[in-house]
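Residue numbers (our numbering), protein chains in the order written: chain F, 1 to 245; chain C, 1 to 353.
Virtual Cβ for every residue (Gly too), placed ideally from N, Cα, C.
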């Protein structure tokens, strides 16, 4: 009987702990499919963040390091400088990458570190139970913005792709969204391109994935996708922000 | 034959690290240790090594975490306020059982403090290198030559026990020039089958991690680490005894303070006082036995430090109240003089020269 669908080899058999409807599982799978298709699982080292995806080390079949909160790009730099022949990627959420780890994120870009960063932007802190993230939208209600994010006192959301695209060391930066089948296919293409960019030694490759958090948004998975499309995509326009030849 | 050269402490330690097989150095400028980075920046590109000036001490220490995970000998250096920033990564390095070397060329604190020599980071190095139950190896050189020797040992023992090793120097040792000999030693770092360096489809995936969500598992792992610490206490404690055989007054001092104390002990001997010096070379593990052995034979111990008194607590614990333990120190970048220490020895001997 012909196999028409199977789990990528680069994912372990460990059951994912993510909430129902969470898009982490989809993005994990996309990264794993790319590792399989490029045949690079054995040459890849992943760096997991602090946040919901902290347990990524249990799910990816490549070697994985669990980094301190926000420091994944610095840890990945250490790995890449020690083993420039290897593929190195970080997988980070918005609190990890755009709040506590902003400095590490910016400077991995300024150095043009030849690694890949997968950035999950779901506009909220998931693991700690739904607090305001640097990417939380104006007016969005979270546990720490209970009256809606007030930009006068809580500032504005950060558009990471646009910011990184200004840096000379960034080779590739694209924003995609897990908002339906075409969006998923597009996200896969971007992740593949990021690893290809690393293979070509061009510098930092960065994929921002707009994602949902039904649990902490207080929505059904279906409504969450709708909310993402209607609210996040206008503040965070999809597209390629940098593609260095 | 190994030749004798005149070198600044900070440069000698950098050269020694390279000779110990370190090819990955991650730094950030801070007085009084910046020469380490400058030396690495000059040398590493010529020998196929990596020097990287990070965006912060935090990032530099996390780069060390990454490079150590990949299985290479790696190092970072800083001075007191910078070490505080590195403590986050040090904790993860300890919790992930990774080997590396961290150099602290201490300056006065707290806060930004000053830039002159200090030994006020003793507690930080030996008591609380991080949050959680943990230790790291701590070496206290007292000369440029000893900095060189101890760096090699620090890399070897860090690899052997899979934990970080700190060289705890001070601004005086870092800045002073002394003759130094580099022994030609063959470097054979052990295999690191645990490293996250790409499994090449030949083994199961390796994980470097400090997270254990089940409390019983975390307790078991911490306890295993403490069993290892007991082994280290037995096997790796180092101390110098100087004229302690018949001593009535024993000075306990490490690093630059021990240099001053040694001169004071010599002067006391010349004045007819039976003085001696116990110089801890490892601060963790602390050479408690060496002090305990003398506790019922001396009139008093005198601990001398460039601080308000930190190691003195370890000396008191080791002496077990069998002998008085007194303290003399200067802080903020001030260094005790030989005469000041000599006068304290005289006083503890009963006031008679």
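Where residue i sits in the DSSP three-state scheme
| i | result |
| --- | --- |
| residue 61/F | coil |
| residue 97/C | coil |
| residue 26/F | helix |
| residue 155/C | helix |
| residue 6/C | strand |
| residue 137/F | coil |
| residue 38/F | helix |
| residue 245/F | coil |
| residue 206/C | coil |
| residue 59/C | helix |
| residue 312/C | helix |
| residue 135/C | coil |
| residue 115/F | coil |
| residue 305/C | strand |
| residue 75/C | strand |
| residue 326/C | strand |
| residue 109/F | helix |
| residue 239/C | strand |
| residue 212/C | coil |
Cutoff 7 Å; reference residue i; Cβ partners in own chain excluding five residues on either side
| i | result |
| --- | --- |
| residue 322/C | 295 and 296 |
| residue 51/F | 93, 95, 96, 126 and 127 |
| residue 195/C | 69, 70, 71 and 206 |
| residue 57/F | 48, 64 and 66 |
| residue 209/C | 96 |
| residue 263/C | 338 |
| residue 131/C | 91 |
| residue 139/F | 148 and 149 |
| residue 170/C | 105, 106, 117, 118, 119, 255, 256 and 306 |
| residue 240/F | 174 |
| residue 218/C | 212 |
Close Cβ partners of residue i (< 8 Å) along its chain, the five nearest in sequence each way excluded
| i | result |
| --- | --- |
| residue 224/F | 21, 212, 213, 214 and 217 |
| residue 158/C | 99, 100, 101, 137, 164 and 165 |
| residue 84/F | 114 |
| residue 54/F | 48, 66 and 127 |
| residue 86/F | 43, 44, 45, 79 and 80 |
| residue 201/F | 114 |
Sheet register partners of residue i (DSSP bridge)
| i | result |
| --- | --- |
| residue 240/F | 174/F |
| residue 107/C | 117/C |
| residue 48/F | 66/F |
| residue 9/F | DSSP output for residue 9/F lists no bridge partner at all. |
| residue 47/C | Per DSSP, none; premise fails for residue 47/C. |
| residue 87/C | According to DSSP, residue 87/C bridges with nothing at all. |
| residue 125/F | 131/F |
| residue 300/C | 249/C |
| residue 26/C | 52/C |
heavy atom of the ligand GTP below 6 Å from residue i C-beta
| i | result |
| --- | --- |
| residue 95/C | With respect to the ligand GTP, the structure offers nothing, as it holds no ligand at all. |
Residue i at chain A interface by Cβ criterion, 7 Å
| i | result |
| --- | --- |
| residue 50/C | Of the chains in the structure shown, none is chain A; the protein chains are F and C. |
Burial state of residue i, where buried means 16 or more other Cβ atoms lie within 10 Å
| i | result |
| --- | --- |
| residue 143/F | exposed |
| residue 224/C | exposed |
| residue 63/C | buried |
| residue 185/C | exposed |
| residue 197/F | buried |
| residue 117/C | buried |
| residue 47/C | exposed |
| residue 270/C | exposed |
| residue 201/C | exposed |
| residue 181/F | exposed |
| residue 177/C | exposed |
| residue 235/C | exposed |
| residue 5/C | exposed |
| residue 246/C | exposed |
| residue 208/F | buried |
| residue 330/C | buried |
| residue 346/C | buried |
| residue 259/C | buried |
| residue 82/F | buried |
Contacts around residue i, its chain only, beta-carbon distance under 6 Å, and the 5 residues preceding and following it disregarded
| i | result |
| --- | --- |
| residue 267/C | 342 |
| residue 76/F | 47, 88, 90 and 115 |
| residue 238/C | 281 and 282 |
| residue 49/C | 23 |
| residue 172/C | 117 and 256 |
| residue 221/F | 21 and 214 |
| residue 190/F | 174, 176 and 207 |
| residue 39/C | 11 and 14 |
Inside the segment 152-212 of chain F only - alpha helix (DSSP H) runs reaching at least 4 residues: 160-165 and 181-199
Start-end ranges of the alpha helix (DSSP H) lying completely within the segment 164-202 of chain C, minimum 4 residues: 171-175
Report the residue ranges of all beta strand (DSSP E) runs contained in full by the segment 249-289 of chain C; include only those spanning at least 3 residues, in chain order. 249-252, 275-280 and 282-284
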